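Right, one structure below, let's go through it.
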Amino acid sequence: MAERIRIGLIYPELLGTYGDRGNAEVLAWRAARHGLAAEVAEVPAGEPVPPCLDIYVLGGGEDAAQGVAGRLLRSVAGDGLRRAADQSRVVLAVCGAFQLLGRVYLDGRGEEIPGLELLDVETTTGTPRLVGEVVTMSREGELLTGFENHGGRSVLGHEVEPLGRVLRGGGNNGHDATEGARQGAVFGTYLHGPVLARNPALADLLLSQALERRGRRLGPLQPAGRDWAADLHLARLQAVLSRRGWLRLVRRSRAWPVAHQPHQAQVDTAK
Ligand code: GLN
10 MAERIRIGLI
20 YPELLGTYGD
30 RGNAEVLAWR
40 AARHGLAAEV
50 AEVPAGEPVP
60 PCLDIYVLGG
70 GEDAAQGVAG
80 RLLRSVAGDG
90 LRRAADQSRV
100 VLAVCGAFQL
110 LGRVYLDGRG
120 EEIPGLELLD
130 VETTTGTPRL
140 VGEVVTMSRE
150 GELLTGFENH
160 GGRSVLGHEV
170 EPLGRVLRGG
180 GNNGHDATEG
190 ARQGAVFGTY
200 LHGPVLARNP
210 ALADLLLSQA
220 LERRGRRLGP
230 LQPAGRDWAA
240 DLHLARLQAV
250 LSRRGWLRLV
260 RRSRAWPVAH
270 QPHQAQVDTA
280 K
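This note's numbering runs 9 ahead of the 1-based position in the sequence shown.
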């Protein structure tokens, strides 16, 4: 019998800017292509978050919706997410949700929204908003693409590493060339797209982590005709990179720095 992967889509009506709910669908689709049986459990705002799912996905949101989601996630009903993360279950949080999983988010009105402290990250609001296409490189050497739109400036602490190093775009704060965060099995990113539709390799990384937790490995991809996800990934890279000679930069950037330098030299992020 096929191994089962349970995916939780948390508070999609609050945290779902730019179609982030698609991340759950892509995970399920990708899981099926790896021969797994996938099931998506949608958790509406305020409903108890089940603590025993394999992968949790949360999307972005405007400040007001984000504040509500933050309160719910810190309530008894929302506590399942923190308990799941404590058991090394996989979490992917995009944009507003990424900020909520950090230590604190100081929103546009100067209001302090306490985070879940699953990521050693602090976010304050700055100007201008960081908006546009982003390309980063993960520590596995994968090029990740996405679209960012955030006022938040996130700074990583020592317990966390970036999800990617910025080759194009603003990233976490527009200064230190970091994008997103990863700490154990908790992943945060500013990349919309939805990010997993644009980066199937990241979907596979999340699935592998979920299976590794059970001592299992992700099987090979089963053929599925034309690979639309791979086509999209390439199309977005070409659209962004070819314009300003970024491919040259990418070729030079194969090596991932072993230790993350909190304020490493800035890669040119001019748009
Ligand atoms: N409210 C946050 C910001 O602007 C998150 C935005 C989003 O999720 N798109 O930084």
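Cβ coordinates follow ideal geometry from the N, Cα and C atoms, glycine included.
Remember, it's a predicted structure, so these values are computed and weren't measured experimentally.
Per DSSP, the beta bridge partners of S163 are T132. Using a Cβ distance threshold of 8 Å, V164 and R191 do not count as a contacting pair. Across the set H159, R80 and A50, the C-alpha of H159 shows the shortest separation from the C-alpha of P137. Per the Cβ contact rule, the stretch 201-212 is in contact with the stretch 26-41 (3 or more Cβ pairs under 8 Å).
S217 sits in a helix when the DSSP states are folded into three classes. For the 8 Å CB-CB criterion, L24 and V144 do not form a contact. Secondary structure note for A50: it is in no alpha helix (DSSP H), and the uninterrupted beta strand (DSSP E) holding it is A46 to V52. Cβ contact annotation for A54 (same chain, cutoff 8 Å, sequence separation greater than five): Y20, E22, L23, V77, A78 and L81, in chain order.
Boundaries of the beta strand (DSSP E) harbouring E121: E121 to P123, taken from the DSSP string. Inclusion of T26 in the 7 Å shell around ligand 1 follows from its C-beta lying nearer than that to a non-hydrogen atom of the ligand. Annotation for H43 indicates a beta carbon at 7 Å or more from all heavy atoms of ligand 1.
A Cβ-Cβ distance of about 3 Å is found for the pair C104 and G69, placing them in contact under the 8 Å criterion. Of all alpha-carbon atoms in G150, T154, M146 and T198, the one lying nearest the alpha-carbon of G173 is that of M146.
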